[in-house]
Amino acid sequence: QKEVEQDPGPLSVPEGAIVSLNCTYSNSAFQYFMWYRQYSRKGPELLMYTYSSGNKEDGRFTAQVDKSSKYISLFIRDSQPSDSATYLCAMSPNTGNQFYFGTGTSLTVIP
Amino acid sequence: SAVISQKPSRDICQRGTSLTIQCQVDSQVTMMFWYRQQPGQSLTLIATANQGSEATYESGFVIDKFPISRPNLTFSTLTVSNMSPEDSSIYLCSVWEQLNTEAFFGQGTRLTVV
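Structure, rendered in structure tokens:
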């Protein structure tokens, strides 16, 4: 079983839609949860960071962590064509440790 | 946030040769990580580079193939040695910014081996 599971998609939505991206994991030691956005031919760009359980909101983006279910989500409201990218979830048991990545979900927002 | 400069951004290399990738950070960081992202795949950790000690390699990666240097707290290099087409990937360095407990990536080096 992989440490982190993520549906690779591809996911295609109309502009303005609400997007839900999800990852599940198996290691209960994970405490740091990140979402990265990766445009084609670019390195991953940190989008959201969450420690332990709970929600975090930043503009159109909301990250949720449910440690009891080992499930994390990223919601994108009012999606824009510029949101078209691959979204990677990543998690780590502690600061300074390696990240364990999902395979990434490819998102296309259609104008 | 930490700013990471990674060079080269891309290269096309002949099989059997070696390429050294540089990673420069604008602040001092304890640990630097080197990842590989093969086409259509997610990121896989190659090794962790600590200043003043030998790098720690993950299963499937060896020092002879991927030697790493970490001469100070802001710089590291990864060499891909004796390259074959299977080494064609994006190579990324990453750091934890300890003050903010956030982790950042360089832009990556897109390597094609022909």
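Quick mapping for you: the protein sequence lines, in order, are chains A and B.
Per the numbering used here, the first sequence runs over residues 1 to 111.
Per the numbering used here, the second sequence runs over residues 1001 to 1114.
By construction, the Cβ of each residue, glycine as well, lies at the ideal position given by its N, Cα and C atoms.
With which residues is residue i paired in a DSSP beta bridge?
{"i": "residue 105 of chain A", "result": "A:87"}
{"i": "residue 1097 of chain B", "result": "B:1102"}
{"i": "residue 56 of chain A", "result": "A:63"}
{"i": "residue 22 of chain A", "result": "A:73"}
{"i": "residue 5 of chain A", "result": "A:24"}
{"i": "residue 1076 of chain B", "result": "B:1023"}
{"i": "residue 33 of chain A", "result": "A:50, A:91"}
{"i": "residue 1090 of chain B", "result": "B:1037, B:1110"}
{"i": "residue 1005 of chain B", "result": "B:1024"}
Under 7 angstroms Cβ to Cβ from residue i, same chain only, skipping five residues before and after it: list those, please.
{"i": "residue 74 of chain A", "result": "21, 35, 48, 61, 63, 87"}
{"i": "residue 1069 of chain B", "result": "1076, 1077"}
{"i": "residue 1108 of chain B", "result": "1006, 1090, 1091, 1092"}
In angstroms, rounded to a whole number, what distance separates the CA positions of residue i and residue j?
{"i": "residue 1034 of chain B", "j": "residue 19 of chain A", "result": "31 angstroms"}
{"i": "residue 85 of chain A", "j": "residue 1045 of chain B", "result": "22 angstroms"}
{"i": "residue 1113 of chain B", "j": "residue 1023 of chain B", "result": "21 angstroms"}
{"i": "residue 91 of chain A", "j": "residue 100 of chain A", "result": "5 angstroms"}
{"i": "residue 1018 of chain B", "j": "residue 24 of chain A", "result": "38 angstroms"}
{"i": "residue 79 of chain A", "j": "residue 1052 of chain B", "result": "46 angstroms"}
{"i": "residue 1010 of chain B", "j": "residue 1105 of chain B", "result": "16 angstroms"}
{"i": "residue 1084 of chain B", "j": "residue 1012 of chain B", "result": "12 angstroms"}
{"i": "residue 1074 of chain B", "j": "residue 1097 of chain B", "result": "12 angstroms"}
{"i": "residue 94 of chain A", "j": "residue 1066 of chain B", "result": "25 angstroms"}
{"i": "residue 1111 of chain B", "j": "residue 16 of chain A", "result": "37 angstroms"}
{"i": "residue 1056 of chain B", "j": "residue 12 of chain A", "result": "40 angstroms"}
{"i": "residue 1047 of chain B", "j": "residue 56 of chain A", "result": "31 angstroms"}
Going by other Cβ atoms of all chains shown within 10 Å of its Cβ, with 16 needed for buried, is residue i buried or exposed?
{"i": "residue 1064 of chain B", "result": "exposed"}
{"i": "residue 105 of chain A", "result": "buried"}
{"i": "residue 71 of chain A", "result": "exposed"}
{"i": "residue 1030 of chain B", "result": "exposed"}
{"i": "residue 1062 of chain B", "result": "exposed"}
{"i": "residue 1087 of chain B", "result": "buried"}
{"i": "residue 1025 of chain B", "result": "buried"}
{"i": "residue 77 of chain A", "result": "exposed"}
{"i": "residue 1036 of chain B", "result": "buried"}
{"i": "residue 1042 of chain B", "result": "buried"}
In three-state DSSP terms, what is residue i?
{"i": "residue 81 of chain A", "result": "helix"}
{"i": "residue 111 of chain A", "result": "coil"}
{"i": "residue 1011 of chain B", "result": "strand"}
{"i": "residue 1067 of chain B", "result": "coil"}
{"i": "residue 1085 of chain B", "result": "helix"}
{"i": "residue 93 of chain A", "result": "coil"}
{"i": "residue 45 of chain A", "result": "strand"}
{"i": "residue 12 of chain A", "result": "strand"}
{"i": "residue 1113 of chain B", "result": "strand"}
{"i": "residue 17 of chain A", "result": "coil"}
{"i": "residue 39 of chain A", "result": "coil"}
{"i": "residue 1048 of chain B", "result": "strand"}
{"i": "residue 1030 of chain B", "result": "coil"}
{"i": "residue 1017 of chain B", "result": "coil"}
Might you give, ordered along the chain, the residues of its own chain that have their beta carbon closer than 6 angstroms to the beta carbon of residue i, omitting 5 neighbours on each side?
{"i": "residue 1020 of chain B", "result": "1077, 1079"}
{"i": "residue 53 of chain A", "result": "65, 67"}
{"i": "residue 14 of chain A", "result": "110"}
{"i": "residue 33 of chain A", "result": "50, 65, 72, 91"}
{"i": "residue 1027 of chain B", "result": "1002"}
{"i": "residue 29 of chain A", "result": "93"}
Considering only residues of the same chain and omitting the five flanking positions on each side of residue i, which have a CB-CB separation below 8 angstroms?
{"i": "residue 38 of chain A", "result": "44, 45, 85, 86, 87, 88, 104"}
{"i": "residue 8 of chain A", "result": "103, 104, 105, 106"}
If you measure from the CB of residue i, is any heavy atom of the ligand FAD nearer than 8 angstroms?
{"i": "residue 1066 of chain B", "result": "Among the components modelled here there is no ligand, and therefore nothing to report on the ligand FAD."}
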